[in-house]
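Structure first, commentary second.
Residue numbers (the numbering used here): 2 to 571.
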């Protein structure tokens with residue numbers, strides 16, 4: 002599914018209107034989608050619904066939703082920020098015809114009616130501002146939102162549970178989050194606690210950047226139209242959406258064909274996953290070689306190797322310091338091992354020649370999990386990756402050292418301390434084989450870019466896109482809504498933002514998942530994007546069973562096959 006900017010959405014709507022699918026028809030479908038999404042969450046019959054109606058098209062969507070909710074048996078009141086003329090506004094005229102309560106802000110002394118309505122509502126529908134929002138909010142609108150937020154806060158007895166996993170509950174939209182039937186309604190949504198539904202997004206959201214005004218009212222459920230917007234995936238705005246539903250309003254998908262940004266969906270991943278024929282053997286599913294581990298970071302190598310086995314690779318080999326072999330092999334009996342020379346438990350520079358003799362026959366190579374940053378190990382990585390003109394150094398003897406051709410590296414994934422070592426190498430992008438995958442977290446990305454973490458996080462999509470083009474490699478920028486960017490501009494965002502993944506080792510699981518898919522023959526972008534999705538879905542499954550506090554990286558390993566099974570539909 003494409004992700005479109007505000008300007009791209011305006012262009013799509015204008016082209017739809019010209020083609021005969023009018024703005025009025027799109028508004029009708031949008032408002033109905035809001036009502037249907039709400040009805041899928043909660044019984045609306047006899048419920049008190051307050052619709053906050055803005056002056057523009059977002060307010061029009063809210064008026065349509067009000068009409069459908071009233072038809073479903075809800076007791077609906079519309080609170081208008083500004084007057085609307087029924088002679089010119091068909092949706093407002095229909096609301097009046099149905100006898101719905103209407104209150105005008107300009108006639109509400111000291112916001113008393115607004116306070117009473119918000120205090121008594123079972124549901125508040127925020128249809129004040131849409132994608133054309135400009136921040137900061139000022140004047141009556143800002144004061145109105147502040148009053149609503151205050152009124153709702155007085156009724157809240159439990160914290161809002163925010164889910165940004167894009168698991169729609171409405172049949173209007175495919176389940177992006179991968180959960181069949183959507184995730185269950187949020188914990189804490191008890192009687193007496195109002196549900197907040199945002200039309201397009203909370204009023205005060207910048208839909209391109211994710212910036213959020215201080216008076217914005219966080220939603221429990223957000224319904225956006227045709228396509229999600231970048232701001233739906235950028236914090237702090239992404240944290241105020243609740244759960245996101247993307248509703249079809251009848252626009253032609255061809256109008257977004259040139260959009261490079263997309264959200265990864267189960268359908269996309271299903272089409273990428275390799276077949277699993279009944280007559281397969283272990284060679285059918287590829288051989289993955291993982292270089293990592295050190296005496297201080299034994300778990301990282303284990304997690305990456307175990308993830309590669311769970312993500313479908315036919316054979317996984319761990320190349321690691323001989324000193325830690327026993328500790329890891331006792332827990333990961335399915336892998337084979339290549340024992341490398343070491344210095345006090347870290348991979349020695351001389352290990353490059355040992356590894357070179359065993360590269361042939363492997364379909365993908367991962368370098369980095371748990372390597373450490375000692376000088377000897379950095380020299381090993383530089384030897385492996387630092388060749389010029391097809392040659393790499395095989396010795397470290399100074400001026401008299403010789404060079405010798407090394408076998409071409411298999412398709413490469415670089416993670417963790419492999420990335421940190423790259424950041425210290427001169428002209429490192431030129432030393433990587435074409436078609437490599439880099440999997441940095443924001444700190445590693447900042448080191449590679451030579452900037453601050455704040456610079457990376459300020460615009461994660463742009464950082465990943467620009468550096469993928471600059472480095473001519475696929476970049477997987479980890480974090481809430483991991484970004485996968487290719488050198489040609491194609492960019493995909495995974496739909497999960499799971500605090501349970503904010504724990505040591507989950508990045509090693511991701512790297513192992515990606516190298517396994519690469520070994521099974523997936524293209525470089527597809528392996529990165531599918532790996533990010535399966536990893537995120539496994540995290541959601543683990544979180545649902547274990548909980549967001551105390552969940553550890555190892556909890557994801559058994560859930561990787563479950564994630565594959567859910568996506569594949571078997």
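Ideal Cβ positions, reconstructed from N, Cα and C, are used throughout, including at glycine.
Looking at the structure shown, is residue 456 part of a helix, part of a strand, or coil, going by DSSP? Your numbering for residue 456 matches position 455 in the chain shown. DSSP, reduced to helix, strand and coil, places residue 456 within a helical segment of the structure shown.
Under the rule that 16 or more other beta-carbon atoms within 10 Å means buried, what is residue 11, buried or exposed? Counted from its first residue, the chain shown places residue 11 at position 10. Flag for residue 11 reads exposed.
For residue 170, which three-state DSSP category applies? In the chain shown, the residue the question calls residue 170 occupies position 169. Residue confidence is low: residue 170 scores 34 on pLDDT, short of 50, so the model does not pin down where it sits. Its coordinate-derived value is still stated next. Residue state, collapsed to three classes: coil.
Hey, residue 88 and residue 274: beta-carbon distance below 8 angstroms or not? If you number the chain shown from 1, residue 88 lands on position 87. If you number the chain shown from 1, residue 274 lands on position 273. In this structure, residue 274 does not lie closer than 8 angstroms to residue 88 by Cβ.
Round the Cβ separation of residue 536 and residue 510 to the nearest angstrom and send it over; I've been treating them as touching at under 8 angstroms. On the chain shown, position 535 is the one that residue 536 refers to. On the chain shown, position 509 is the one that residue 510 refers to. Correct: roughly 6 angstroms between the Cβ atoms.
Expressed to the nearest angstrom, what Euclidean distance is found between the alpha-carbon atoms of residue 382 and residue 526? Here residue 382 corresponds to residue number 381 of the chain shown, with the count starting at 1. Here residue 526 corresponds to residue number 525 of the chain shown, with the count starting at 1. In a straight line, the C-alpha of residue 382 is about 24 angstroms away from that of residue 526.
Can residue 287 and residue 365 be called in contact, C-beta distance under 8 angstroms? If you number the chain shown from 1, residue 287 lands on position 286. If you number the chain shown from 1, residue 365 lands on position 364. Against a cut-off of 8 angstroms, the Cβ pair of residue 365 and residue 287 comes out as a contact.
CA nearest to the CA of residue 107, picked from 53, 81, 218 and 378: In the chain shown, the residue the question calls residue 107 occupies position 106. Among 53, 81, 218 and 378, the Cα nearest to that of residue 107 belongs to 81.
By a C-beta neighbour count over all protein chains shown, 10 Å radius and 16 as the cutoff for buried, is residue 266 buried or exposed? Taking the chain shown and counting its residues from 1, the one referred to as residue 266 is at position 265. So residue 266 ends up on the buried side.
Give me the Cα-Cα distance between residue 86 and residue 27, rounded to the nearest whole angstrom. Here residue 86 refers to the residue found at position 85 of the chain shown. Here residue 27 refers to the residue found at position 26 of the chain shown. Whole-angstrom Cα-Cα distance: 20 angstroms.
Coarse secondary structure for residue 337, derived from DSSP in three states: As a first step, residue 337 must be located in the chain shown, where it is residue number 336. Looking at residue 337 - three-state DSSP - the assignment turns out to be strand.
Can you tell me whether residue 297 is buried or exposed, with buried defined as 16 or more other CB within 10 angstroms of its CB? Your numbering for residue 297 matches position 296 in the chain shown. Answer is exposed; the Cβ neighbour count stays below 16.
Going by DSSP, name the residue or residues bridged to residue 343. Numbered from 1 along the chain shown, position 342 holds the residue referred to as residue 343. Looking at the DSSP assignment, residue 343 forms a beta bridge with 348.
Count the CB pairs spanning the stretch 341–358 and the stretch 317–328 that are closer than 8 angstroms, and state whether there are at least three. yes
In angstroms, rounded to a whole number, what distance separates the CA positions of residue 203 and residue 100? Sequence index remark: in the chain shown, residue 203 carries index 202 (1-based). Sequence index remark: in the chain shown, residue 100 carries index 99 (1-based). Going by the C-alpha atoms only, they are around 27 angstroms apart.
Scan the stretch 287–320 and note each continuous alpha helix (DSSP H) run of 4 residues or more that stays entirely inside, going in chain order. Taken in chain order, the complete alpha helix (DSSP H) segments of 4 residues or longer contained in the stretch 287–320 are 299–311.
Helix, strand or coil at residue 226 according to DSSP, with G and I counted as helix: On the chain shown, residue 226 is found 225 positions in, with the first residue counted as 1. In this structure, residue 226 counts as strand in the three-state DSSP scheme.
Identify whether residue 430 lies in helix, strand or coil by the three-state DSSP scheme. If you number the chain shown from 1, residue 430 lands on position 429. Three-state DSSP puts residue 430 in a helix.
Going by other Cβ atoms of all chains shown within 10 Å of its Cβ, with 16 needed for buried, is residue 468 buried or exposed? Counted from its first residue, the chain shown places residue 468 at position 467. So residue 468 ends up on the buried side.
Per DSSP, which residues does residue 489 bridge with? Please list them. Within the chain shown, numbered from 1, the residue matching residue 489 stands at position 488. DSSP lists no partner for residue 489.
For residue 127 and residue 6, the rounded distance between their alpha carbons: Working through the chain shown from its first residue, we reach residue 6 at position 5. Working through the chain shown from its first residue, we reach residue 127 at position 126. Going by the C-alpha atoms only, they are around 21 angstroms apart.
Counting pairs of Cβ atoms below 8 angstroms between the stretch 56–75 and the stretch 24–42, do you hit three or more? yes
If we call anything under 8 angstroms between Cβ atoms a contact, is residue 530 one with residue 557? Position 529 of the chain shown, counted from the start, is the residue given in the question as residue 530. Position 556 of the chain shown, counted from the start, is the residue given in the question as residue 557. Cβ distance not < 8 angstroms, so residue 530 and residue 557 don't count as in contact.
Of the residues 227, 122, 138 and 141, the one placed nearest residue 152, counting alpha carbons only: By one-based count along the chain shown, residue 152 stands at place 151. For the residues 227, 122, 138 and 141, the minimum Cα distance to residue 152 belongs to 122.
Compare the C-alpha of residue 15 against each of 150, 245, 251 and 528 and name the closest. The sequence position of residue 15 within the chain shown is 14, counting from 1. Among 150, 245, 251 and 528, the Cα nearest to that of residue 15 belongs to 251.
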